[in-house]
Amino acid sequence: MNFYSSLIAQSAHTKSLTTLRAVHTNVIKSGFSYSFLGHKLIDGYIKCGSLAEARKLFDELPSRHIVTWNSMISSHISHGKSKEAVEFYGNMLMEGVLPDAYTFSAISKAFSQLGLIRHGQRAHGLAVVLGLEVLDGFVASALVDMYAKFDKMRDAHLVFRRVLEKDVVLFTALIVGYAQHGLDGEALKIFEDMVNRGVKPNEYTLACILINCGNLGDLVNGQLIHGLVVKSGLESVVASQTSLLTMYSRCNMIEDSIKVFNQLDYANQVTWTSFVVGLVQNGREEVAVSIFREMIRCSISPNPFTLSSILQACSSLAMLEVGEQIHAITMKLGLDGNKYAGAALINLYGKCGNMDKARSVFDVLTELDVVAINSMIYAYAQNGFGHEALELFERLKNMGLVPNGVTFISILLACNNAGLVEEGCQIFASIRNNHNIELTIDHFTCMIDLLGRSRRLEEAAMLIEEVRNPDVVLWRTLLNSCKIHGEVEMAEKVMSKILELAPGDGGTHILLTNLYASAGKWNQVIEMKSTIRDLKLKKSPAMSWVDVDREVHTFMAGDLSHPRSLEIFEMLHGLMKKVKTLGYNPNTRFVLQDLDEEKKISSLYYHSEKLAIAYALWKTIGRTTTIRIFKNLRVCGDCHSWIKFVSLLTGRDIIARDSKRFHHFKGGLCSCKDYW
DNA sequence: GTAGGGTTAG
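Numbered according to my numbering, the first sequence spans residues 94 to 769.
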């Protein structure tokens, strides 16, 4: 029998299931009783990872020892089969076997994973009755963890308080519990208590507490704990290093974060990811991209966290090509169905105006939640696809998901950018009747823009009255509507409101100047311009750029500095002649200078967006690729009309990103349906 | 012979 016993132990050690099965067969053949070897065989099967065989044997045993029950329970939990573990626990009680400390410390996790609050509370009661709650550190810390996961921090703290001999794990469990509920200050208090009582924090504690300091922006404590990490000899532990660099980056000390990263000798996937995240959050997108590339070179594969973050970097810098490369990596890793990576890709393609790709990413997501759907709705909104956005909004509700504040911002923006005024008003009214959504100033801003742009200025002004503390952005939105509709009188009132809130607000002066200019009130224009001069406000010059064959070309209005100016102007004049025959009519309302009509027309000809498009067309003649141009300010109304005709004339798709949104020109039409 | 806590994302 000892012979079999050691054979079983050996196969368990080498994790050789075949050997174990052979031994098992021989045990049966030899007629040995299971009461001696059964438990050992079960242990062997568990160690070899075959829970099914362990269970089969377990069911055949004539009597079962508490240790075997515990092994069955904990092995099922660690294999993600918490439901089965709970069944074992129930059967165990039914057979009259009393749980011990091992049982409780294991089963609590199953309850928290399955959200079985009642079960957990009942087990807790039993642990109290059996005197195991506060005497055994293992039980107590498992209970603290369980209550924390049930969002019952009070109960967690109560269990914690009752334990006489608090050890490091118990402290850490409570600290982590507070941390995961965003109660970083509480976590820090417990940590101080722990240190004062002479309990030495270990790597788990320090990893967590550093993040707390980061979330609090508490650099002083963060640095103190950095010292503690060094003193505890845990500086080389990956988790400490990861938390250290996260702490520094969350305290906006990205240079220190970089220093920590450069000094570590081994970085795992989480470390690399944390670093990338920190860089992106601190506005170091380019560095993040090169770190991401280095990570790939080091054969560390990115996870959804990494991808989400680096794609965010691509979005904010509109690095479409890098983003596409990362999309390819995402697919290669089989993570294109992941909602985090997917949402980030949708944001990227949405921002870059590639709606087909955004939608195809969305369609392969294996897991949909409100945030993932929000990103698709927002992408539609940004690009003027109002009906598609509304359709998705319906689908979200039909799926039984609850729209949140972001959903409503996105859907209102969609209505706004597509000119769906009635739909927008209806949705806004429905939000007001829905007490679960708190209306923010952003919702109002969106509505005021929607009403104002459709010339319902009185209604827009009435809506502002309802906002408790209207801000500059809100007033400026209304001012913009006044400008569009040439409402000088209201504009002046709005202007004075803005200057009350933000004296010397540059954008406002410029907006009003443009309004006076388009209304032909040149005296006021001159007045405004001198005010602007006095305020030393500079209007940033209009600029457009275009990427042709990986080379970026920048243009300013009337700019002759481009080496291919001659070809550009030739192309431009050729286009002008042809688009005029198609119906293009220069609209001098958009020339905001006091010039005679002829000069106004020729100044329109050389707007930066026209130059950029003319260059791209000249350079890519004979191709059918989409032309993408960028403008630092909003696209001009005359250029908008002109580009539509150019897209019709040349059959080329043109995508223009301005400071606020994308315009897709195709076959003489624009995705914004002339409403922006 | 079995058991407790950690670092990264929209």
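Glycine included, each C-beta is placed from N, C-alpha and C at the ideal position.
Anyone know if the C-beta pair for residue i and residue j falls short of 8 Å?
{"i": "F197", "j": "V221", "result": "no"}
{"i": "S401", "j": "I439", "result": "no"}
{"i": "A709", "j": "I720", "result": "yes"}
{"i": "A406", "j": "G443", "result": "no"}
{"i": "I159", "j": "I200", "result": "no"}
{"i": "L543", "j": "I557", "result": "no"}
{"i": "I591", "j": "V560", "result": "no"}
{"i": "S333", "j": "E296", "result": "yes"}
{"i": "L309", "j": "I347", "result": "no"}
{"i": "V261", "j": "V237", "result": "no"}
{"i": "G446", "j": "R750", "result": "yes"}
{"i": "L665", "j": "A635", "result": "no"}
{"i": "L742", "j": "S637", "result": "no"}
{"i": "T339", "j": "W365", "result": "no"}
{"i": "L113", "j": "G137", "result": "yes"}
{"i": "I466", "j": "L485", "result": "yes"}
{"i": "I318", "j": "Q362", "result": "no"}
{"i": "V463", "j": "V495", "result": "yes"}
{"i": "C508", "j": "G479", "result": "yes"}
{"i": "F755", "j": "I747", "result": "no"}
Just verifying my parser: in three-state terms, what is the DSSP assignment at residue i?
{"i": "M636", "result": "strand"}
{"i": "T478", "result": "It is worth fixing the name first, because residue 478 is Phe in this sequence and not Thr. DSSP places F478 in coil when its eight states are reduced to three."}
{"i": "F284", "result": "helix"}
{"i": "R290", "result": "coil"}
{"i": "A612", "result": "coil"}
{"i": "A199", "result": "helix"}
{"i": "A360", "result": "coil"}
{"i": "R750", "result": "strand"}
{"i": "L223", "result": "coil"}
{"i": "L762", "result": "strand"}
{"i": "H250", "result": "helix"}
{"i": "K712", "result": "helix"}
{"i": "R721", "result": "strand"}
{"i": "H756", "result": "strand"}
{"i": "S402", "result": "helix"}
{"i": "R452", "result": "helix"}
{"i": "M346", "result": "coil"}
{"i": "G278", "result": "helix"}
{"i": "F354", "result": "helix"}
{"i": "N375", "result": "coil"}
{"i": "R727", "result": "coil"}
For residue i, which residues in the same chain have their Cβ closer than 7 Å to its Cβ, ignoring the five residues on either side in sequence?
{"i": "L228", "result": "none"}
{"i": "A178", "result": "I166, H169, I170, I200, A203"}
{"i": "I577", "result": "R546"}
{"i": "I139", "result": "A147, S164, S168"}
Apart from the five residues on each side of it in sequence, which residues of its chain come closer than 6 Å, Cβ to Cβ, to residue i?
{"i": "S408", "result": "N440, L441, K444"}
{"i": "D429", "result": "T423, V457"}
{"i": "V770", "result": "No statement about residue 770 is possible, as the shown extent of the chain runs from 94 to 769 and does not include it."}
{"i": "L594", "result": "V565"}
{"i": "K450", "result": "Y442"}
{"i": "G213", "result": "F204, M239"}
{"i": "V301", "result": "Strictly speaking, residue 301 in this sequence is Cys, with Val absent from that position. Cβ neighbours of C301 beyond the five flanking positions: I268, V269, A272."}
{"i": "V639", "result": "H646, A705, A709, I722"}
{"i": "L312", "result": "C344"}
Residues in its own chain within less than 8 Å of residue i by CB, not counting five upstream and five downstream?
{"i": "L321", "result": "P294, L299"}
{"i": "G579", "result": "L608, S611, A612"}
{"i": "E188", "result": "R157"}
{"i": "T624", "result": "H602"}
Between the region 126-142 and the region 153-169, do three or more beta carbon pairs fall short of 8 Å? In short, these stretches touch, since the Cβ pair count reaches three.
Does the region 732-739 come into contact with the region 755-762, if we say contact requires no fewer than three beta-carbon pairs (one atom in each stretch) closer than 8 Å? A contact exists between the region 732-739 and the region 755-762.
Inspect the CB distances between the region 388-395 and the region 346-357 and report whether three or more fall short of 8 Å. The region 388-395 and the region 346-357 do not touch, with fewer than 3 CB-CB distances between them shorter than 8 Å.
Does the region 320-328 touch the region 341-354, meaning 3 or more C-beta pairs lie closer than 8 Å? Not touching, per the Cβ criterion.
Would you list, in sequence order, the uninterrupted beta strand (DSSP E) runs of no fewer than 3 residues that lie entirely inside the region 635-701? DSSP runs (the beta strand (DSSP E)) wholly in the region 635-701: 636-641, 644-649.
Could you say if the region 593-612 and the region 572-584 meet the contact criterion of at least three C-beta pairs nearer than 8 Å? A contact is defined here as three or more CB-CB pairs under 8 Å, and the region 593-612 meets this definition with respect to the region 572-584.
Taking contact to mean 3 or more Cβ pairs, one atom from each stretch, closer than 8 Å, check whether the region 247-254 and the region 286-303 are in contact. They do not touch, by the three-pair rule.
Examine the Cβ distances between the region 619-629 and the region 677-684 and report whether three or more of them are shorter than 8 Å. With a cut-off of 8 Å, the region 677-684 and the region 619-629 do not count as touching, because too few Cβ pairs lie within range.
Which residue spans inside the region 404-434 form an unbroken alpha helix (DSSP H) run of at least 4? The region 404-434 contains these whole alpha helix (DSSP H) runs: 413-425.
In chain order, what are the residue ranges of uninterrupted alpha helix (DSSP H) at least 4 long that sit wholly in the region 545-624? Entirely contained in the region 545-624, the alpha helix (DSSP H) runs reaching 4 residues are, in chain order, 550-558, 565-577, 581-594, 599-611.
Which runs of the alpha helix (DSSP H) at least 4 residues long sit entirely within the region 467-529? Give them in chain order. The alpha helix (DSSP H) runs lying completely inside the region 467-529 and spanning 4 residues or more are 479-491, 498-511, 514-526, given in chain order.
With a cut-off of 8 Å, do at least 3 Cβ pairs link the region 532-541 to the region 495-509? Touching, yes, given that three or more Cβ pairs across the two stretches are closer than 8 Å.
Tell me the start and end of each unbroken alpha helix (DSSP H) in the region 110-169 that is at least 4 residues and wholly inside, in chain order. Within the region 110-169, the complete alpha helix (DSSP H) runs of at least 4 residues are 110-122, 127-140, 144-153.
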